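Q:
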Amino acid sequence: MNDVSSGSPERPGGKGKEESGPREGQATRRTFTDAYKLRIVGEYDALTEPGARGALLRREGLYDTHIGKWRRARERGALGATAAPRPVKASPESAENRRLKAENARLAAELARTKAVLEVVGKVHDLLEGLSERAD
């Protein structure tokens, strides 16, 4: 007799497949808030008694590499209220807008140059016309 206690249907020749989330017993990556990181780094730096830092790390389930990374992030200003917002990935529309704006600026500069040249050509035409009238 086959008893399936997970509630998911069993596939032929294999175990049942869970559609979302980690498998049972599979580790999930922890995430830490900026406030937590700042608090732990502050506590870690304040400890001076022998073994106290190791006890803090064991209590929180952390490694000393966490502290090092978080300390460097704090020094860069990437933690807390001073943290700069992460850049938003540009959408195809915004990339197209930037391209069109750059093209528009290039064309506007070209138009300004063309107008300046036409103005000069007009003045030269008037000058030559005046000279040809005098020569007649």
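Counting in this note's numbering, the sequence shown runs from 193 upward without gaps. Backbone N, C-alpha and C fix where the C-beta goes; we use that ideal spot for every residue, glycine too. Predicted, not measured: the structure shown is a model, and the values here were computed from it.
Rounding to the nearest angstrom, what Cα-Cα distance links Lys281 and Lys315 in this structure?
A: As a working note, residue 281 is residue 89 in the sequence shown. As a working note, residue 315 is residue 123 in the sequence shown. If I take the Cα positions, the gap works out to 52 Å.
Q: Measure the C-alpha to C-alpha separation of Thr220 and Leu254 and round it to an integer number of angstroms.
A: Taking the first residue of the sequence shown as 1, we reach residue 220 at position 28. Taking the first residue of the sequence shown as 1, we reach residue 254 at position 62. Rounded to whole angstroms, Thr220 to Leu254 spans 15 Å at the Cα level.
Q: Anyone know if the C-beta pair for Asp226 and Leu271 falls short of 8 Å?
A: Within the sequence shown, residue 226 is the residue found at index 34, counting from 1. Within the sequence shown, residue 271 is the residue found at index 79, counting from 1. Yes.
Q: Here's the rule: buried if 16 or more other CB atoms are within 10 angstroms of the residue's CB, otherwise exposed. What is Lys229?
A: Position 37 of the sequence shown, counting from 1, holds the residue named residue 229. Per the 10 Å Cβ criterion, buried.
Q: With 16 as the cutoff for other CB atoms within 10 Å, does Val312 come out buried or exposed?
A: If you number the sequence shown from 1, residue 312 lands on position 120. Result: exposed.
Q: Compare the Cα-Cα distances from Ala247 to each of Lys261, Ile232, Glu295 and report the closest residue.
A: By one-based count along the sequence shown, residue 247 stands at place 55. Checked all of Lys261, Ile232, Glu295; the closest Cα to Ala247 is Ile232.
Q: What residues in its chain sit with their C-beta under 6 Å from that of Trp262, if we drop five residues either side in the sequence?
A: In the sequence shown, the residue the question calls residue 262 occupies position 70. Around Trp262: Lys229, Val233.
Q: Taking the alpha helix (DSSP H) that Thr306 belongs to, which residues open and close that run?
A: Locating residue 306 in the sequence shown gives position 114, where the first residue counts as 1. That run of the alpha helix (DSSP H) goes 284-327.
Q: Along the chain, where does the alpha helix (DSSP H) that runs through Leu239 open and close?
A: Counting from 1 along the sequence shown, the entry for residue 239 is found at position 47. Note, Leu239: premise wrong, no alpha helix (DSSP H); not H, not E.
Q: Where Arg298 and Thr223 are concerned, what is the direct C-alpha to C-alpha distance, given to the nearest angstrom?
A: Locating residue 298 in the sequence shown gives position 106, counting from the first residue. Locating residue 223 in the sequence shown gives position 31, counting from the first residue. Their backbone Cα atoms lie some 47 Å apart in a straight line.
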